[in-house]
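> Numbered per UniProt numbering, the sequence shown spans residues 1 to 241. Dumping the structure here so I can ask a few things about it.
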Amino acid sequence: MSVLDEAIILNNGNLMPKIGLAVSEHLDLAHALKLGYRLFNCEPEQAEEMKKAISDQHILVQQLFLQMVLPKELKPEEVASFVTGHLRQLQATYFNLVLVEASSDHDRDLAVWHEVEQLAAKGRVNNVGMLGFYLDDVKAIWDQVALKPVVDQLNLVDPELQTYLDQQGIKVQAELTPKDNAVIKTLAEQKQVKPVAVRLRYNLEQNLIILLTNDDEVLIAKELNFDLTTVEKNEIISAEK
């Protein structure tokens, strides 16, 4: 089975692909769809390109896992029109995942969350998650909402936050880490793959949901026909410190 067919079970029982794409001008979307990618983070400015790629590949939008971000500048009263307008652009009826980006105003974030809950009740949103929420923010949201977060998109996760996320079953979504280093390059040579393939395998084995950002990363997923031993993973961890 290809890694593109693998899924993570979210804390509400729904499934989510382990690997996907952050849609941008740096990606060949039609080729990515042809390869089998199904998770796409798509913002309104990329909607037309996404819709065209879906049409060109003769894929039903319902076959995809579409996610979007509600930017921190968005006011609560703007949420419904922002989401439904984006859905119209994509000719879709719902988003599989909507991420609320953290602002410096908890009351605003909570009000936005409640707006997403209303959209979920109407069938426009299947899952809700967070972008850039750290420990105190995550705890506050968790205690005050009915529709619990399933994902937190982060660049860095400290151990205390990771422990809390694990307790609540919240998955971490991230771009590829770490950067290439001597250990990763050596492992790549030993396994006869590119360093980015080692990084991707390492991230997936950390139970992360990965968003790829360029065509080189997109193509490399087909090379993941190897595993990392515990010793090799520990070597990568040590090299990061």
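From the three backbone atoms N, C-alpha and C, an ideal C-beta is built for every residue, glycine too.
In three-state terms, what does DSSP make of P159?
Correct three-state label for P159: helix.
> Which same chain residues end up closer than 6 Å to E235 when comparing Cβ atoms and leaving out the 5 residues on each side of it in sequence?
Answer for E235: V183, listed in chain order.
> Ignore the nearest five residues each way along the sequence and tell me which others in N181's own chain have a CB closer than 6 Å to its CB.
Contacts found: A239.
> Between the C-alpha atoms of I19 and Q192, what's the straight-line distance to the nearest angstrom?
For I19 and Q192, the distance between alpha carbons rounds to 22 Å.
> Pick out the complete beta strand (DSSP E) segments inside the segment 88-176, 3 residues or longer, and give them in chain order.
The qualifying runs are 97-101, 128-131, 151-153 and 171-174.
> Can you look up residue 244 in the DSSP assignment and give me helix, strand or coil?
As shown, the chain starts at 1 and ends at 241. That puts residue 244 outside it, with no answer to give.
> Which residues in the same chain as R38 place their Cβ atom closer than 6 Å to its Cβ, once the five residues preceding and following it in sequence are excluded?
Answer for R38: P17, L64 and F65, listed in chain order.
> Do the segment 129-142 and the segment 98-115 make contact, defined as three or more Cβ pairs closer than 8 Å?
Taking 8 Å as the limit for Cβ pairs, the verdict is that the segment 98-115 does touch the segment 129-142.
> State the DSSP-derived secondary structure class of P195, mapped to helix, strand or coil.
In this structure, P195 counts as helix in the three-state DSSP scheme.
> I8: which of L224, A30, Q173 and V23 sits nearest, CA to CA?
Residue Q173 is the option with its Cα nearest to I8.
> Could you check what DSSP says for P44 in three-state terms: helix, strand or coil?
Looking at P44 - three-state DSSP - the assignment turns out to be helix.
> With a CB to CB cut of under 8 Å and the five nearest residues on each side skipped, what residues in its chain are close to D137?
Same-chain partners within the cutoff: A102, H106, D109 and M130.
> By a C-beta neighbour count over all protein chains shown, 10 Å radius and 16 as the cutoff for buried, is D56 buried or exposed?
Exposed: under 16 other Cβ atoms inside 10 Å.
> Of the residues E232, I220 and Q91, which one's Cα is nearest the Cα of Q190?
Ranking E232, I220 and Q91 by Cα distance to Q190 puts E232 first.
> Just checking my contact of L10 with K171 at CB under 8 Å: how many whole Å lie between their CB atoms?
Yes, they are in contact, since the Cβ atoms of L10 and K171 sit about 7 Å apart, within 8 Å.
> Spatial neighbours of residue 252 within its chain, please: CB distance less than 7 Å, with the 5 preceding and 5 following residues excluded, ordered by chain position.
In the structure as shown, the chain starts at 1 and stops at 241, and residue 252 therefore has no counterpart that could be examined.
> Applying the 10 Å Cβ sphere with the 16-neighbour rule, what's the burial state of P71?
Flag for P71 reads exposed.
> Please identify the residue among F82, K194, L176 and I59 whose C-alpha is closest to the C-alpha of E205.
Out of F82, K194, L176 and I59, L176 has the C-alpha closest to the C-alpha of E205.
> Express the C-alpha separation of Q167 and E117 in angstroms, rounding to a whole number.
Answer to the nearest angstrom: the Cα atoms are 22 Å apart.
> Closer than 8 Å, CB to CB, is G13 near chain D or not?
Annotation note: the requested chain D is absent from the structure, which comprises a single protein chain.
> Would you tell me roughly how many angstroms separate the C-alpha atoms of F40 and K34, rounded to the nearest one?
Spanning the two alpha carbons is a distance of roughly 14 Å.
> Roughly how many angstroms lie between the CA atoms of A197 and E77, to the nearest whole one?
A197 and E77: Cα-Cα distance of roughly 43 Å.
> Could you give the distance in angstroms between the alpha-carbon of L74 and the alpha-carbon of S81?
Between L74 and S81, the C-alpha separation is close to 11 Å.
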